[in-house]
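4 protein chains.
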Amino acid sequence: MRKNIAILCSGGDVSGMNPALKHFVEYALKNSLNPFFVYDGYEGLIDDKIDKASYCDVAGIINKGGTKIGSSRSRRFMQKKYRAIAKQNLDHHNIEMLVVLGGDGSFRGMDIFYKEHGVKFCGIPSTIDNDIAGTSYCLGVDTSLNIIRTAIDAIRDTASSFGRAFVIETMGRECGYLALVSALTSGAELCLIPEVPYNLEQYEESFKNQIAAGRKYFLAIVSEGIKEDVREIAQWFEEKVGIEARVTILGHMQRGGNPTVYDRLMAYKFVSHAIDGLLNEQHDSVICYNDGGFTHKSIQDVAFQKYQLDSELLCHLQDLYNV
Amino acid sequence: MRKNIAILCSGGDVSGMNPALKHFVEYALKNSLNPFFVYDGYEGLIDDKIDKASYCDVAGIINKGGTKIGSSRSRRFMQKKYRAIAKQNLDHHNIEMLVVLGGDGSFRGMDIFYKEHGVKFCGIPSTIDNDIAGTSYCLGVDTSLNIIRTAIDAIRDTASSFGRAFVIETMGRECGYLALVSALTSGAELCLIPEVPYNLEQYEESFKNQIAAGRKYFLAIVSEGIKEDVREIAQWFEEKVGIEARVTILGHMQRGGNPTVYDRLMAYKFVSHAIDGLLNEQHDSVICYNDGGFTHKSIQDVAFQKYQLDSELLCHLQDLYNV
Amino acid sequence: MRKNIAILCSGGDVSGMNPALKHFVEYALKNSLNPFFVYDGYEGLIDDKIDKASYCDVAGIINKGGTKIGSSRSRRFMQKKYRAIAKQNLDHHNIEMLVVLGGDGSFRGMDIFYKEHGVKFCGIPSTIDNDIAGTSYCLGVDTSLNIIRTAIDAIRDTASSFGRAFVIETMGRECGYLALVSALTSGAELCLIPEVPYNLEQYEESFKNQIAAGRKYFLAIVSEGIKEDVREIAQWFEEKVGIEARVTILGHMQRGGNPTVYDRLMAYKFVSHAIDGLLNEQHDSVICYNDGGFTHKSIQDVAFQKYQLDSELLCHLQDLYNV
Amino acid sequence: MRKNIAILCSGGDVSGMNPALKHFVEYALKNSLNPFFVYDGYEGLIDDKIDKASYCDVAGIINKGGTKIGSSRSRRFMQKKYRAIAKQNLDHHNIEMLVVLGGDGSFRGMDIFYKEHGVKFCGIPSTIDNDIAGTSYCLGVDTSLNIIRTAIDAIRDTASSFGRAFVIETMGRECGYLALVSALTSGAELCLIPEVPYNLEQYEESFKNQIAAGRKYFLAIVSEGIKEDVREIAQWFEEKVGIEARVTILGHMQRGGNPTVYDRLMAYKFVSHAIDGLLNEQHDSVICYNDGGFTHKSIQDVAFQKYQLDSELLCHLQDLYNV
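Protein chains in written order, with our numbering: chain A, -6 to 316; chain B, -6 to 316; chain C, -6 to 316; chain D, -6 to 316.
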């Protein structure tokens, strides 16, 4: 008899989830599994929003941002009694295996669920923050970086006529990855991230000298997780460096956009490896990408560690911004 | 003998200036005029940054945002003595006619210059704010609107998974055009602009009811010129409507981006009509676009009037947002 | 009692139809009408694919290309007996008024239907070819032009390193509008359209001279409707001008893409005016856009006339390309 | 005394060259080297188009497609006497090291030059075809894939209303990489590449059945290097499958476009590793990217081997398209 396998999205959605859903259906069918969708994340597990999925359900979604099956942050799933209900729902549909697109919080929840009820799962790291330990890449990051790029490129077009500093806030929570890569690839003059202590005073002299030498504008990329508010950085430019400053807060536009080719291909590969793992005795793992290859890692090694920024990138930061 | 004609950009730059420069050179040559560039706006007039322009100078710029010849806001040009220097510089190059890409402040300055020194000019309304009286369209607006659209579309992709209100601030100074058109064309749930008084209380009940009926998110587009800060609107959503809110401040990304086809075509037409006017006894005018056609208007009718939002658009606002 | 009104798409779809559907539902409800969708064009009329439409049906489509309700080219609707069935279906749903997004063929069909059965309708000109007499703008054109622009801009980036001629074919059937505007706004060196006779020989000498003077590449925009195949133009470059040539056929990518702001706003206005007309004794008309305003025109004046290219544009063509 | 190092682009340009030039200047200066540009590839070496480069030369180019310093295919450089001239020119500028952005032909030429004259160099694989042995990634591929994606996404928007097959030709010469990844990430129904023999007959039955079962359209991605012309594939759809077909030839638009974040970051890393290698006894190598890391390889291992498509990708092709 064919086995049943389900997929769900948990936490914030990212571009790349839709291509993942499409490939999930196709790859499940190819492996003689019946694919199911759980709608609205763990909330849907509890509320039995679980349905069979077919080719038709994933037609025309490969190029769309967001996730067709919804996502959620579930407080209820943190309670034992709701997890018991979730288990009943899965049993009702005869579902033994779950693929979970989410972040480390979602994986920790799933880990508990596995230990309590034996529901096998494989996590696929999905967050634009790229802040999950154990994997060098999380689904959605590339699309997000390219949205940020487009925004910064547009600002750059106009920057020189204004004689101003442009202070641009990126997402990332406690992780400076988005800000750092954006700064490197846009040639920004300043990059501030939570991982690296900074002292604005050290830039003051240098920036004043650059203005005196003819520099017309500054691009500053700051991660939302730094200790100061983006408006304080703008204020510093105005008061200490002596140049008018303007703020851009990119906000949730960083979460959307049509998925890039890289995110579609990674979605494809993550899903293939996740299903392969579930069919081959990986019952409580996250599929991780490192050094060009995929490996299953334990929840312990992924969701209970602190993410470290790539040391090569940190060196570049140091080189470029003398921090 | 061939006459000399120059072009300059004044005030904030907009996408569409580069295509205008390209067509200026081509159309001047076709009309047996020698084209000149004045770099860095009125500052360049004063500092004699004036050069002959040729086909080579405009190769490959038609698809670039910003302006190749720079722009500026000049305080010196408001003083008689600097205008006298500017006049000397123009005389030195034997330049009799100027095309000025800018806003109403720039046109008023040029008007004084004309009255003092007889330098003929034609203004081309250029500002993303679309806030110049006498013309229904200003160069750069379409590109700006499409940049805003792309940002809002990306937010919309992700909006439904979050159960949040997204409050997006657009530019426009005292004019709500960008915000209003963006709201209409993105299907936003709220639109606040400086021209129309609003009372947040009137939305409170309705928005709460919509949430109770299943609505997952709100898009709110607010113009930078409204009486409250965008963060206060977000706060209102959180405290009064009872939904988490996030802020996006688009900032100067609205000023850049590759010019759209519409802005390139308008650049083409504005420049043709400006030069035609200068060659046909229009010596102190702005070329305006209304009802699908172009007419020269006096500075009085353009730069000394307050811009009024299109009444049809205001009706739509009323229809959609019950204000 | 509330009246029922339906909308359908006929012929090739265009970007802008989805925003039109969204506004149709909203504007119908606002005017106390019950909105219906007819799926798959006239085929759906015959096969009774007709359904009530609600806000939910149009959520999240404003930023999508194509049309959510499908379109078709129907041969059956050209036969009296199928039109009789269509009428029965409409009667069954009590639908008295139709909004038809389509081209002149679709309008002629509807005109016959009106004369036979008295079903009131208003046509909205929708085709990327912009080849409908009586209106200066057809829904979808702006999006299409911007897709073409993006393609040409990408070719321009790379053009100079190759020493080649790039021959780019645009759509447009018998109408050169897309090719002509694309050429003007991309600074192409050659533009060939069906409306204007050309003689390649006249360019030969000039192009050879330009190569001798250092020109590295040519961009040629040709409309699909010209007498020669795009490959023959490439061959001419290679054999007569003496420069390697490469062909790009844009094809149906010109029909898709997220609708631009201009197309969304035009969709909005076309639909408002169409419904207003139907409610005000316009029973057999097409809503047309000229000189910045909207007027209802008879089918005779729209669908039985040959479209003429804007004479100002033709002048530009002549100026630029000496034809 | 500071040493001199130069960079040049050879062969077809790719998006990513400009960010590479920017980082070259910055990283050379940081390593106490004097950076030089060689304009127009090996032709410029022969004609002494060699100049010092500074920060100013690379301002504002990081987001531009193409290459600011030009590129060329040089026949003269294949002759000993011209290479001798090239060597004299380099000596004249005291340049000891070269970074070469190009393909395997360019690297073979440089290898001869090194053996004759001892000019140290490091190659950076740069071609959208991704067909260089020894490296899994060539600069420019990601940008190219995303341009193709945008084109296919636009076609997909409109595909379902037409009941047609869309046959899209990608570049790649003898390599099917672009076509294969594009097909996987766009969910195409057919993918034909030169590396894998195909038999159209095998698809005929299945495609007819799919049409009978309700399929409205087909997307077919074909690589330019297959044995048949793209038009023959379209003809096959019309004559054998029985569905109207339309052709899109993407052509050189695949070579342009603003470089993606991935290509900018890879440009950054390739250049850093190339210069590091030259300063550390790598005198005749290509810097290659595999398994997430960079290694220097000999010309023998790169430019004299045939590129093999990634076997995992080939499996996917087989899975999806039963070839």
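Beta carbons are placed, not taken as given, at the ideal position from N, Cα and C, and that holds for glycine.
Note that the structure is a prediction, hence the values are computed from the model and not measured.
- Which runs of the alpha helix (DSSP H) fall wholly inside the region 121 to 208 of chain D and span at least 4 residues, in chain order? For the region 121 to 208 of chain D, whole alpha helix (DSSP H) runs of length 4 or above, ordered along the chain, are 134 to 152, 170 to 179 and 194 to 205.
- Query: Going by beta carbon distance, what residues of the same chain come within less than 6 Å of arginine 101 of chain B, once the five residues before and after it are set aside?
  - Reply: Correct list, in chain order: Ala296.
- Query: cysteine 2 of chain A bridges to which residues according to DSSP?
  - Reply: A/Leu94.
- Can you name the residues of chain A whose CB is closer than 8 Å to the CB of phenylalanine 70 of chain B? The contact set of phenylalanine 70 of chain B on chain A, defined by CB atoms closer than 8 Å, is empty, because the minimum CB distance reaches about 16 Å.
- Just grab the DSSP bridge partners of isoleucine 117 of chain C for me. Isoleucine 117 of chain C has C/Leu94 as its beta-bridge partners, per DSSP.
- Item | Residues bridged to alanine 213 of chain C [DSSP beta-bridge criterion] | Alanine 213 of chain C pairs with C/Val160 and C/Leu183.
- Message: Would you say threonine 241 of chain C lies against chain D (beta-carbon separation less than 7 Å)?
- Response: Chain D contact via Cβ: present.
- Task: Please state whether DSSP places valine 7 of chain C in a helix, a strand or coil.
- Result: Correct three-state label for valine 7 of chain C: coil.
- Got a sec: is the Cβ-Cβ distance from alanine 147 of chain A to anything in chain B below 7 Å? Using a CB distance cut-off of 7 Å, alanine 147 of chain A counts as an interface residue toward chain B.
- Message: Using CA atoms only, rank isn't needed, just tell me which of C/Ala126, C/Asp122 and C/Arg149 is closest to threonine 136 of chain C.
- Response: Closest in alpha carbon position to threonine 136 of chain C, among C/Ala126, C/Asp122 and C/Arg149, is C/Asp122.
- Query: If we count the other Cβ atoms within 10 Å of its Cβ and call it buried at 16 or more, is methionine 259 of chain C buried or exposed?
  - Reply: Buried: at least 16 other Cβ atoms inside 10 Å.
- Query: Which residues of chain B have a Cβ atom closer than 7 Å to the Cβ of asparagine 251 of chain C, listed in chain order?
  - Reply: For asparagine 251 of chain C, the residues of chain B that pass the 7 Å Cβ criterion are Asp146, in the order they occur in the chain.
- Item | Coil, strand or helix - glutamate 274 of chain B by DSSP | In this structure, glutamate 274 of chain B counts as coil in the three-state DSSP scheme.
- Message: Taking 8 Å as the cut-off, does the region 66 to 83 of chain D touch the region 170 to 190 of chain C (at least 3 CB pairs, one atom from each stretch)?
- Response: Under the 8 Å Cβ criterion, the region 170 to 190 of chain C does not count as touching the region 66 to 83 of chain D, having fewer than three qualifying pairs.
- Item | isoleucine 214 of chain D to leucine 1 of chain B span [Cα, whole Å] | Here the alpha carbon of isoleucine 214 of chain D sits roughly 48 Å from the alpha carbon of leucine 1 of chain B.
- Message: If you measure between the beta carbons of leucine 138 of chain D and methionine 10 of chain D, is that distance less than 7 Å?
- Response: No, the Cβ-Cβ distance between leucine 138 of chain D and methionine 10 of chain D is not below 7 Å.
- Query: Is the Cβ-Cβ distance between glutamate 162 of chain D and valine 234 of chain D less than 7 Å?
  - Reply: In terms of Cβ geometry, glutamate 162 of chain D and valine 234 of chain D do not form a close pair [threshold 7 Å].
- Message: Measuring straight from C-alpha to C-alpha, what distance separates alanine 238 of chain D and isoleucine 145 of chain D?
- Response: Isoleucine 145 of chain D has its alpha-carbon roughly 15 Å from the corresponding atom of alanine 238 of chain D.
- Task: Consult DSSP for lysine -4 of chain B and reduce its assignment to one of helix, strand or coil.
- Result: Of the three classes helix, strand and coil, the one that applies to lysine -4 of chain B here is strand, per DSSP.
- Query: From the beta carbon of threonine 120 of chain B, is the nearest beta carbon of chain A less than 7 Å away?
  - Reply: No - not a single Cβ of chain A is within 7 Å of the one on threonine 120 of chain B.
- Message: Pop quiz: aspartate 277 of chain B and phenylalanine 114 of chain B are said to be a contact at Cβ under 8 Å. What is the actual Cβ separation, rounded to whole angstroms?
- Response: Taking a contact as a CB-CB distance under 8 Å, the pair aspartate 277 of chain B and phenylalanine 114 of chain B counts as one, their CB atoms being some 7 Å apart.
- Around the C-beta of serine 65 of chain D, are 16 or more other C-beta atoms found within 10 angstroms, so that it is buried, or is it exposed? The residue is buried, with at least 16 neighbouring Cβ atoms inside 10 Å.
- Message: Given this structure, state the Cα-to-Cα distance separating phenylalanine 29 of chain B from asparagine 202 of chain C, to the nearest angstrom.
- Response: Rounded to the nearest whole angstrom, the C-alpha separation of phenylalanine 29 of chain B and asparagine 202 of chain C is 26 Å.
- Counting only beta-carbon atoms, is isoleucine 55 of chain D nearer than 7 Å to chain C? No, because no Cβ of chain C sits closer than 7 Å to the Cβ of isoleucine 55 of chain D.
- Hey, quick one: how far does the alpha helix (DSSP H) through asparagine 251 of chain C stretch, first residue to last? Annotation: asparagine 251 of chain C is outside any alpha helix (DSSP H) and is labelled neither H nor E by DSSP.
- Message: Restricting to Cα atoms, I'd like to know which of D/Tyr75, D/His16 and D/His86 is closest to valine 31 of chain D.
- Response: That would be D/His86, whose Cα lies nearest to the Cα of valine 31 of chain D.
- Message: What does the alpha-carbon distance come out to for the pair arginine 142 of chain A and isoleucine 219 of chain A?
- Response: Here the alpha carbon of arginine 142 of chain A sits roughly 20 Å from the alpha carbon of isoleucine 219 of chain A.
- Per DSSP, cysteine 281 of chain D forms a beta bridge with which residues? Note: cysteine 281 of chain D sits in a beta bridge opposite D/Thr288.
- Just confirm the distance between the C-beta atoms of glycine 133 of chain C and alanine 147 of chain D, as a whole number of angstroms; I'd bet it's less than 8 Å. Rounded to the nearest angstrom, the Cβ distance from glycine 133 of chain C to alanine 147 of chain D is 12 Å, too far for a contact under 8 Å.
- Which residue or residues does DSSP assign as beta-bridge partners of leucine 306 of chain C? Among the bridge pairs identified by DSSP, leucine 306 of chain C is matched with none.
- Would you please verify whether the beta carbon of asparagine -3 of chain C is less than 7 Å from any beta carbon of chain B? Cβ-Cβ to chain B under 7 Å: no for asparagine -3 of chain C.
- Query: So, does the CB of glycine 285 of chain A fall closer than 7 Å to a CB anywhere in chain D?
  - Reply: Taking Cβ atoms only, chain D reaches closer than 7 Å to glycine 285 of chain A, which makes this a yes.
- Message: What does DSSP give as the partner residue(s) for proline 28 of chain D in the beta ladder?
- Response: Note: proline 28 of chain D sits in a beta bridge opposite D/Ile(-2).
- Leaving aside the five residues before and after serine 153 of chain B along the sequence, list all residues of the same chain whose C-beta is less than 7 Å from its C-beta, in chain order. Cβ neighbours of serine 153 of chain B beyond the five flanking positions: Lys209 and Tyr210.
- Query: Helix, strand or coil: how does DSSP classify lysine 317 of chain D here?
  - Reply: Because residue 317 of chain D is not part of the residues shown, which for chain D are -6 to 316, the question remains open.
- Going along the chain, which residues of its own chain have a beta-carbon closer than 7 Å to the beta-carbon of threonine 253 of chain C, five neighbours each way excluded? Closer than 7 Å at Cβ, skipping near neighbours: Asp135, Thr136 and Asn139.
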